[in-house]
Structure formats: structure tokens, C-alpha cells
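Taking the working numbering as reference, the numbering of the first sequence is continuous, increasing by one, and the terminal residue is 907. A virtual CB, placed ideally from N, CA and C, is assigned to each residue, including glycine. Predicted, not measured: the structure shown is a model, and the values here were computed from it. Worksheet: the structure to be examined is printed underneath.
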Amino acid sequence: MISSVTKFSLSLSLFLKRMISNTPNSYSHSFVKSPISLLQTCNSMYQLNQIHSHTIKMGLSSNHLFLTRVIIFCCTNESGDVYYARKVFDEIPQPSVFIWNTMMKGYSRINCSESGVSLYKLMLFHNIKPDNFTFPFMLKGFTKDMTLKYGKMLLNHAVKHGFLDSNLFVQKGFIHLFSLSGLVDLARKIFDMGDGWEVVIWNVMLSGYNRVKRFEESKRLFIEMEKCECVSPNSVTLVLMLSVCSKSKDLDGGKYIYNKYIKEGIVEPNLKLENALIDLFSSCGEMDAARGVFDDMKTRDVISWTSIVTGFANTCRIGLARKYFDQMPERDYVSWTAMIDGYLRMNHFKEVLTLFREMQMSNVKPDEFTMVSILTACAHLGALELGEWAKTYIDKNKIKNDTFIGNALIDMYFKCGNVEKAMKIFNEMQKKDKFTWTAMIVGLANNGHGEEALTMFSNMLEASVTPDEITYIGVLCACTHVGMVTKGRNFFSNMTIQHGIKPNMTHYGCMVDLLGRAGQLKEALEVILNMPIKPNSIVWGSLLGACRIHKNVQLAEMAAKEILELEPENGAVYVLLCNIYAACKKWENLHKVRKLMMERGIKKTPGCSLMEMNGIVYEFVAGDKSHPQSKEIYAKLEKMKQELINAGYSPDTSEVFLDVGEEDKETSLYLHSEKLAIAYALISSGNGVTIRIVKNLRMCVDCHLMAKVVSKVYNRELIVRDKTRFHHFKHGLCSCNNFW
DNA sequence: TTAGGGTTAG
Numbered sequence: 168m169i170s171s172v173t174k175f176s177l178s179l180s181l182f183l184k185r186m187i188s189n190t191p192n193s194y195s196h197s198f199v200k201s202p203i204s205l206l207q208t209c210n211s212m213y214q215l216n217q218i219h220s221h222t223i224k225m226g227l228s229s230n231h232l233f234l235t236r237v238i239i240f241c242c243t244n245e246s247g248d249v250y251y252a253r254k255v256f257d258e259i260p261q262p263s264v265f266i267w268n269t270m271m272k273g274y275s276r277i278n279c280s281e282s283g284v285s286l287y288k289l290m291l292f293h294n295i296k297p298d299n300f301t302f303p304f305m306l307k308g309f310t311k312d313m314t315l316k317y318g319k320m321l322l323n324h325a326v327k328h329g330f331l332d333s334n335l336f337v338q339k340g341f342i343h344l345f346s347l348s349g350l351v352d353l354a355r356k357i358f359d360m361g362d363g364w365e366v367v368i369w370n371v372m373l374s375g376y377n378r379v380k381r382f383e384e385s386k387r388l389f390i391e392m393e394k395c396e397c398v399s400p401n402s403v404t405l406v407l408m409l410s411v412c413s414k415s416k417d418l419d420g421g422k423y424i425y426n427k428y429i430k431e432g433i434v435e436p437n438l439k440l441e442n443a444l445i446d447l448f449s450s451c452g453e454m455d456a457a458r459g460v461f462d463d464m465k466t467r468d469v470i471s472w473t474s475i476v477t478g479f480a481n482t483c484r485i486g487l488a489r490k491y492f493d494q495m496p497e498r499d500y501v502s503w504t505a506m507i508d509g510y511l512r513m514n515h516f517k518e519v520l521t522l523f524r525e526m527q528m529s530n531v532k533p534d535e536f537t538m539v540s541i542l543t544a545c546a547h548l549g550a551l552e553l554g555e556w557a558k559t560y561i562d563k564n565k566i567k568n569d570t571f572i573g574n575a576l577i578d579m580y581f582k583c584g585n586v587e588k589a590m591k592i593f594n595e596m597q598k599k600d601k602f603t604w605t606a607m608i609v610g611l612a613n614n615g616h617g618e619e620a621l622t623m624f625s626n627m628l629e630a631s632v633t634p635d636e637i638t639y640i641g642v643l644c645a646c647t648h649v650g651m652v653t654k655g656r657n658f659f660s661n662m663t664i665q666h667g668i669k670p671n672m673t674h675y676g677c678m679v680d681l682l683g684r685a686g687q688l689k690e691a692l693e694v695i696l697n698m699p700i701k702p703n704s705i706v707w708g709s710l711l712g713a714c715r716i717h718k719n720v721q722l723a724e725m726a727a728k729e730i731l732e733l734e735p736e737n738g739a740v741y742v743l744l745c746n747i748y749a750a751c752k753k754w755e756n757l758h759k760v761r762k763l764m765m766e767r768g769i770k771k772t773p774g775c776s777l778m779e780m781n782g783i784v785y786e787f788v789a790g791d792k793s794h795p796q797s798k799e800i801y802a803k804l805e806k807m808k809q810e811l812i813n814a815g816y817s818p819d820t821s822e823v824f825l826d827v828g829e830e831d832k833e834t835s836l837y838l839h840s841e842k843l844a845i846a847y848a849l850i851s852s853g854n855g856v857t858i859r860i861v862k863n864l865r866m867c868v869d870c871h872l873m874a875k876v877v878s879k880v881y882n883r884e885l886i887v888r889d890k891t892r893f894h895h896f897k898h899g900l901c902s903c904n905n906f907w
């Protein structure tokens, strides 16, 4: 058998022999035929070059048909060089529409649609009218950006030339383009112009709705499709519809598809369809069904496994998720991220970071999804150094810096108390969504910048971004932190009037907080009593917190009673009540509650402080001696005590409710976890370095007082994030104005 | 034309 290369060489030598033995003029007709037929056997640019250069040498390269064939080869053949075609094209005096179209097809093939459009414009400039082929060829290589830039203009041209309502290929080209670029309504208009579309076009429309998350419209279109006699769903349609049901958590819809088409054998299941089924069951929490599909599969791929892992992670069965994750034959970056995210969901932040390190050891490169999870973990841990590292990693590795990343960075910086850097990220962000604005409002409010948070809110409205219920939580928090009661009340009613958001439990909690902290305890109680929904323990807890600040024993007892009826095991309530009794010197009541706690086996949640040092997150609990430098820490604490007392600090034992003498009360105060963290920070970090601590409970009055004095005596900035807010200590003052 | 992982509060 003669190979194509040999065949080509033989033809070329034959052609050359003819050229030598005949004068070109007398054989001009047969000459033209020869290289054209040669071009048909040629399959590389090298061969094409040979033919072309020989014809040029012979001065016979200007034949229109020959040049057309050269352009066709270069534009349509896989190994063809489109730029070569363009050079040839530019030499043709008056190219036909066919040649213009072929050039555009070439540009689409190599994804240079911008050049395709330029060529199209040039064609119009030369007064050449496009034909039926022009648009489908040109549109084929369009990206989303290109569609948004030129799509509508080209559609108008197609309408003007009468192709849109007469040519199926033009219609299909535009439907594809618009549907998959997010301009789904435009696509639908063209779709509705025709009837009897083939299944692929229905699928393209469904896919378009899915991409812009308009799942209800996907469902409606699918119902229409089922009614249409000329088309039947195929496996792609079912994958699309199962995806719709999965994303909209419509288990019944998904089961309908499964029972009608798959179980009945109307559509043969394949890997993607089975994966779509696993995803449906997993996202609806039906793990037995998901596992059933998974177990019955002949072949599984990384997506099948990842969907199972995600399903277990989402149903809080992190152990099972991990079991499947460990069994996976191969893991890609999505699998790792799914597992990391499972830990994040369970608030197992340290495991998040450990697994991320393992991921890096496995040489699997993280992407922007992974990094969002990492940043979120850093945010919760208050791990600024690690968060900064993650940012550098993103920049260095050119990980897509999208809105999700920006939002996660803002949140991380705020949760680590770094307001300036959060602002910087915000200002540099190209696209801002409601999450961006909400993160700013909440972040500023929690860091004590209530006024700025409210300015941010008006900027958000000016930018025509619609706030959601969480944005309003931030807005109400901002009012609480700066004590703007009237403004807060206005926002609370505007929330429903202007934005149609019905206040939920948290909003009522915010209102109770707002009024309570401002000392309007009666009004706060009225809010609770007039709520249209049954108040939960958080709402009552807000009132209880306000009672602590304003030392209102009677109301505190009422609130505590309500909470304990809802949550008899809520240890924090007993503690808060004890704090209040201690502060009001109601020793007898305090003893009663203490006794009750003992009887009911209620334990105080141990105080715990996290502090990051050199990229390691250290955890301190009250009276902790587990740290390797424990001895030095306690020695430092002892030394600090004297230095601080000399500077005017005097221990505040008012909230200590231990049944011990005054001296022991002071000792117990010294064991608080944030004090241990502060002492460790002072011995292990250089002068002037900001100390950042994350505390799991509310800071006690004494630790708060001590932190203020520390900031003055050692000239250090301290940022403590406690359960509800931030405390920025500087020069002996705190950003919360002693109100928390 | 089709399947898996991400951000805001409490």
C-alpha cells in the first residue's frame, strides 16, 4: 500500500516533469487542473508550500480557482495555517463571498473571532453582501465576551439581510451564541420563531436557562418539549433537567425524570446521566438513593466519587465523606475542594488547613474555588498571616481573581480586624455584587465603624445593588454599635417597605439588641412581645445581654427563664445570669443558680482564645499549661501583673461568680485564655507587632480592662474578636467605647 | 447541547 506521503511525492514529480516538457501557454488548462488535484491529496502545510512555491516559480500562481483551494485547505484543514490563507487572500483582487466566508470559518477554527469580525467589516466596506453562510461561519468561534460585544449588531445585520427568518443555520447559530452567553431571552426569541427544532437546539435553550440559573424556565420549556410531538428528550436533555432539579432541590421533579425516562428504558443511562442522578440525590440529601446509583454503576469516574463525597459532607456526615474521599482511585482539584469544603461546613477549620497542605503535597493545584474555602477558614480562625499567604499564593499562581475571591478576601481581612486591607480589596474590585457590599457593611459595623457602614449602604443603593436580608442585619448591627436607635428603627421599617424583606428572627434580635444596648429595655421587651413569630433563645439572649450592661436583674430573670424553657441545657444563660447577680451583689440568687447548674450538670463553655504566630494557630484555654512555653508564659503574666498595676490597672472581679475569696477571684481572672494569649504574644513577637486574638465567648470586663492598659503600657495594638464584635485596643482605649 | 467544589449573619 502506498502511503499518502509517497503518493503525494509521486504526483508532484509527475507534475514537475510535465511542467518541464511542456510550455505553460499551450497547457495552461491542464496545468491548472494538476496542482488543484494535487492540493486534494496534500495533508500538511509543508506539502502545500511545495506546490504553492512551484506554481509561483512558474508564474502561474494567480489562478483564482487554485488560490481558492489553497485558502480552503488552510482554513478548514486541521493542519492548515489560517495566517498563510490570509496572505493569499490579500493577493486576490476581488474575492468572492465564498472566499470571504471561508476566511471567517478559518478564524473561527483558530478562535480568532475578533479577526473574523474585522474581516466581516472589511467585506461590508467592499460592498460585498453577506450570504447564508457568513453568519454561521463567523459566529462559530465566538466567546461570551465577543457575543456581548458584537452579538446584537450582527443579529441586526442578519435581520436586515433577511436571513434570520429564512435560514435555519443562521437561526441556530444565533440561538447557540446567545443562549450560551447568558443572553437567553434573545435566544428564546429566535427559538420561538421556528417550530420543529431538533433536540440539540432544545438542549441549547435548556442549557442557556441553566447557565443563568433560571431553573423554573428550564422546567417550563421541558414541559413544552414533552408536549411537542416532533421531538423527544435525549440523554443530554435528561442530564440538563436532572441538573435543574438538583440545583433547585426538586427531588420530586428529579424522580419524575428518572422514573419516566430512565427506569422505563426510554433513554439508555450513561456515565454522565448516572453522575447527574447521583448529584440530584446527593444535593437533596437522599444518600441511600445516591449510593444505590453509585453502587450499581459499571464504571465510575472522579465526578461520581466527588458527588458522593459532597453528598455526605452536605448532610453533616463528614466521617463518611472522608471515608469515600480516602477510597477514591484518583482525586482532582474539585474532589479536594469538596472535602475541604465539607470540613469548612462543619467549622473544622484546622482540618481545612491540614487537608489543604495534603492537597499541595499531592501536587494537585488548587483553583479559585479552593482558595475561597481556605480564605474562609482563615477568616474564621482570625489567621491573618495565613490569609495573607493565601492572597500571595493566588497572585503568584495567577489563580482567577474573581468576585468570590474578592468577597472572601474582604471577609477574611475584616474578620482578622484589618479594616484598611479590606477597604483596599474593595476599592480594587472590578465587579461588586451584593455579597461584596454586604461583606463591607457587616465588616465595618463589627469593627466599630458604624457610620462608614451606613455610608457604604447608601453607596450600595446608589450603585443599584439590591440588598438582601443579611445586608439589613449588617445595617442594623451598624446602628447598634454606634447607638443610633432612631435610624435603626427607620431601617427596620424601610426593609419591608422599600425592599419587600420580611424581618426574620435575626432582625428582631438586632432590634432588641439596638434598643437594649441603648438602655431602652422596656421598648426592647415590647418588640419581643409583639413579634409575629415566636421569639427564640437568641432574641431573648439579646435582652439578657442588655440586662447585663444595664444591671436589670428583674428583666434578666425573665429573659433567662424564657431561654431555659426553650433550651434547658444552655450553659451560657446560667453564666450570664450569674455574672449579673455577681455584678449586682445578689449573692443568694447567685448561689441558687450555681446550685441549679450543679444539679442539672450544666457546664460553662470553656473560654478559648486562638492566636496565630508565624503561620501557626495556637489555641489557649483557661488555665492552659499545654503550650511548650507554658512556664515562660506564666512568668510573663506575673511580671505583667505588677507592671500593669503600677500603671493604674486594678483587677475587676465584679463578674466573677466563683464561691471564693477576693484573692482567688483575681487568680481565676489571670487564668483567662485571652490573658495567656496576650502574654505569649508579648514574649514571642517583636515590639510594635499587632496582637490578634479570636475569643469564642464574650470578653469579660477584666480582660477588656487589662487589654486597654496593655495597649498603653507596652505600646501595642491589640485586636480581639470576641463572640459578637471586635475590640481594637490602642493607646489605652477600645474601639467599642466600653460598650459590648 | 450534558455531570462534581466557592463568598455575606446567627
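Secondary structure within the segment 777 to 849: the beta strand (DSSP E) runs of 3 or more consecutive residues, fully enclosed, are 783 to 788 (chain order). By the criterion of a C-beta distance shorter than 7 Å, Leu444 is surrounded in its chain by Leu409, Tyr425, Val460, once the five residues flanking it on both sides are discounted. For His871, the enclosing alpha helix (DSSP H) covers residues 868 to 880.
Contact check for Ala612 against His648 passes: the beta carbons are separated by less than 8 Å. The Cβ atoms of Gly738 and Lys762 do not sit closer than 8 Å to each other. For Ile277, DSSP assigns no beta-bridge partner whatsoever.
Taking the C-beta atoms as reference points, Ile695 is found nearer than 8 Å to Val679. In the DSSP assignment, the residues bridged to Lys862 are Ser776. Under the three-state reduction of DSSP output, His324 falls in the helix class. Counting the other CB atoms within 10 Å of its CB gives Met579 a total of 16 or more, which places it among the buried residues. In the three-state reduction of the DSSP assignment, Arg656 falls in the helix class, which pools H, G and I. Gly790 has its alpha-carbon roughly 10 Å from the corresponding atom of Ser797.
For the 8 Å CB-CB criterion, Ile572 and Ile561 form a contact. At the C-beta level, Ile668 and Glu636 come within 8 Å of one another. Inclusion of Glu884 and Gly549 in the CB contact set at 8 Å is not warranted, their separation being larger than that value. 8 Å or more divides the Cβ of Leu291 from the Cβ of Leu344. Secondary structure note for Phe479: it is in no beta strand (DSSP E), and the uninterrupted alpha helix (DSSP H) holding it is 469 to 481.
The criterion of a C-beta distance shorter than 8 Å is satisfied by Ile238 and Met270.
Within 10 angstroms of the beta-carbon of Gln338 lie 16 or more other beta-carbons, which makes it buried. The Cβ atoms of Met623 and Trp604 lie closer than 8 Å to each other.
Taking every protein chain shown into account, the CB of Ile390 has fewer than 16 other CB atoms within 10 angstroms, so this residue is exposed. Within a 10 Å sphere around the beta-carbon of Ala457 sit 16 or more other beta-carbons, which makes this residue buried.
For Leu885, DSSP records a beta bridge to Ile858, Phe896.
Distance from the CA atom of Ser835 to the CA atom of Cys745, rounded to whole angstroms, is 15 Å. Counting along the chain, the unbroken alpha helix (DSSP H) around Cys714 starts and ends at 704 to 717. Judged by DSSP in its simplified three-state form, Cys901 adopts strand.
Take Glu453, set aside five residues on each side of it, and the residues of its chain with a beta-carbon closer than 7 Å to its own are Leu418, in chain order. With a cutoff of 8 Å on beta-carbon distance, Phe233 and Asn268 are scored as not near each other. In this structure, the straight-line span from the alpha carbon of Val868 to that of Ala575 is close to 32 Å. Between Glu435 and Ile429, the alpha-carbon positions lie close to 7 Å from each other. Assigned with DSSP and collapsed to three states, Ser246 falls in coil, not helix or strand. Contact holds between the segment 255 to 267 and the segment 276 to 296, because three or more Cβ pairs, one in each stretch, are under 8 Å apart. In chain order, Leu321, Ala325, Phe330, Val337, Gly340 place their CB closer than 7 Å to the CB of Phe302, counting only its own chain and leaving out the 5 sequence neighbours on each side. In the three-state scheme derived from DSSP, where H, G and I count as helix and E and B as strand, Gly549 is classed as coil. Contact check for Leu757 against Ala750 fails: the beta carbons are separated by 8 Å or more. Nearest C-alpha to Lys414 among Leu733, Arg381, Asn437: Arg381.
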